[in-house]
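Working notes, beginning with the structure itself.
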């Protein structure tokens, strides 16, 4: 065995232990001796990815592929990184290379299924998975993906598919969580809670299981039990940083930042973990305790634990240090031009500081929004509303979402295997195409118009049913490029406030405490679709009595 091979073995062992620094040092020595060794380059790419340096990992893997163009391990890893980066064209090229190398085998079908899903072609993804499992029935990743895709498409067999996928994966917490979510999405909250509860008993400090259990109790309408479970978990959290952070996030998502702050401050230890300190600072900021937040942020060792730019920007905005916040966000956008949250925040600064020209460049309502008639008859609208209503199984709003006094569906409703889902998808897709065709000329510096000539796909779709007093608090969708709201049932307009229930664009989140009115407001109309940039804060005014049914989705633009 050569020295470089021995160093590679040692690096691989270090990677298995999560010791990235040691692995990186060993690989630097090994590659200095043998810089054309594909295995060493693959390991170096793995350490780069583990260290959050995905671009470096891609560069290393491209070097490895130049040395061995048909190395399928390199192809598969590079394919996965392209998908994660949204580079679907690059993933397609790699899939073609894999096909030329080995034909249609299990690995190739796996790549096909992932690319189909990334392209929004759920039916094709299901078929590729079926073909794969016909060749290898116990392919664990394929079984898990098949179950998740069935849940996404609202299939009745999703829980059974999760049971099959979990037969040899009982310790997979993520798979269990999705199994419980599949049961809940079909209205079987008792079974969902039982599944989580049994595993939670064996893993009493797994934060995700505890917070999911509390959230499901709340969605099931069992508020007293949810509050009791939260209180018990809070006691469990003493000395457990991960659980304290998860519980604080859960409480903040329920618009109770002062309670999250009290919980974190009451359990503070002498050597508090930096992530706990950062979470407490976020809670303090949301609760308006700005001096408290500043002390906590100042106490962080930024050389080891840098404050996330968006967290610091929000704090600076609350402090009315708009110039500092703008400079910070400009730097963030120079590094990450597609950061939806950074664009949303900098727009708030431009508006509050009177930089109207910049605001209109980004969010001129006449250019970036549309209110489109989907061309459906009153009878069709009623049928669609009844179908959407039937998809709502929860009794209360899901934790962490913007709605208040209502319910929200799971899955991806426009991908459901149902005639109505297909009809809605077709009508909505045509409207999205009309919207994009009306954009100004392509502008490479604009977060929306830069995509004018690119293809697109749906990313997530859901229905919201609001009742008496229902509304959405101001929010954005950081994973999208285009966001939406389509209307199917509307409450009686006899409310004394003529803007009751109206859709608002541009009102910032309440915790930023900015005195800014919406840039524009839209009166909802049944059978109409409102489209707007995902960078635009949006919400709704509360309405009085009645019901409002909407269907919303995000759109991702595809990078060529």
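Residue numbers (our numbering): 69 to 628. Beta carbons: idealized from backbone N, C-alpha and C, even for Gly.
- Task: Run through the stretch 317 to 381 for me and flag every whole alpha helix (DSSP H) of 4 or more residues, listed as ranges in chain order.
- Result: 325 to 334, 342 to 354 and 358 to 366
- Query: Can at least three beta-carbon pairs, one atom from the stretch 605 to 615 and one from the stretch 364 to 383, be found at a separation below 8 Å?
  - Reply: no
- Task: Return yes when the Cβ of residue 554 is within less than 8 Å of the Cβ of residue 618, no when it is not.
- Result: yes
- Message: Whether or not the stretch 210 to 228 and the stretch 474 to 485 are in contact is what I'm after, with contact meaning three or more pairs of Cβ atoms, one per stretch, closer than 8 Å; do they touch?
- Response: yes
- Between the C-alpha atoms of residue 319 and residue 537, what's the straight-line distance to the nearest angstrom? Cα-Cα distance, rounded: 22 Å.
- Item | Where residue 438 sits in the DSSP three-state scheme | strand
- For residue 473, name the three-state secondary structure that DSSP assigns. strand
- Query: When the Cα atoms are used, what is the spatial distance from residue 365 to residue 383?
  - Reply: Distance between the alpha carbons of residue 365 and residue 383 is about 9 Å.
- DSSP three-state assignment for residue 626, whether helix, strand or coil: coil
- Item | For residue 531, the residue or residues it bridges with in DSSP | 619
- Going by other Cβ atoms of all chains shown within 10 Å of its Cβ, with 16 needed for buried, is residue 416 buried or exposed? buried
- Taking only the alpha-carbon atoms, compute the straight-line gap between residue 493 and residue 621 and give it to the nearest angstrom. 10 Å
- Message: Runs of 4 residues minimum, wholly inside the stretch 412 to 437: which ones carry the alpha helix (DSSP H) assignment?
- Response: DSSP runs (the alpha helix (DSSP H)) wholly in the stretch 412 to 437: 424 to 431 and 433 to 436.
- Message: Helix, strand or coil, according to DSSP, for residue 552 in the structure here?
- Response: strand
- Query: Taking the C-alpha atoms as reference points, what is the distance between residue 148 and residue 159?
  - Reply: 8 Å
- Message: Please classify residue 84 as buried or exposed, where buried requires at least 16 other C-beta atoms within 10 Å of its C-beta.
- Response: exposed
- Task: Check whether the Cβ atoms of residue 374 and residue 355 lie closer than 8 Å to each other.
- Result: no
- Task: Select from 543, 342, 418 and 457 the residue whose C-alpha is nearest the C-alpha of residue 535.
- Result: 457
- Query: What residue from 352, 542 and 369 has the CA that sits closest to residue 362's CA?
  - Reply: 352
- Query: According to DSSP, what are the bridge partners of residue 525?
  - Reply: 624
- Task: Give the secondary structure of residue 188 by DSSP, where H, G and I count as helix, E and B as strand, and everything else as coil.
- Result: Correct three-state label for residue 188: coil.
- Touch check for the stretch 124 to 142 and the stretch 101 to 114: three-plus C-beta pairs under 8 Å? yes
- Taking C-alpha atoms, which residue in 524, 420 and 193 lies nearest to residue 385? 420
- For residue 613, does the count of other Cβ atoms within 10 angstroms reach 16, so buried, or fall short, so exposed? Flag for residue 613 reads exposed.
- Query: Are three or more beta carbon pairs between the stretch 573 to 580 and the stretch 505 to 514 nearer than 8 Å?
  - Reply: no
- Measure the alpha-carbon distance for residue 407 versus residue 74 and round it to whole angstroms. 42 Å
- In chain order, what residues of the same chain have a beta carbon less than 8 Å from the beta carbon of residue 516, not counting five sequence neighbours either side? 436, 507, 549, 550, 601 and 603
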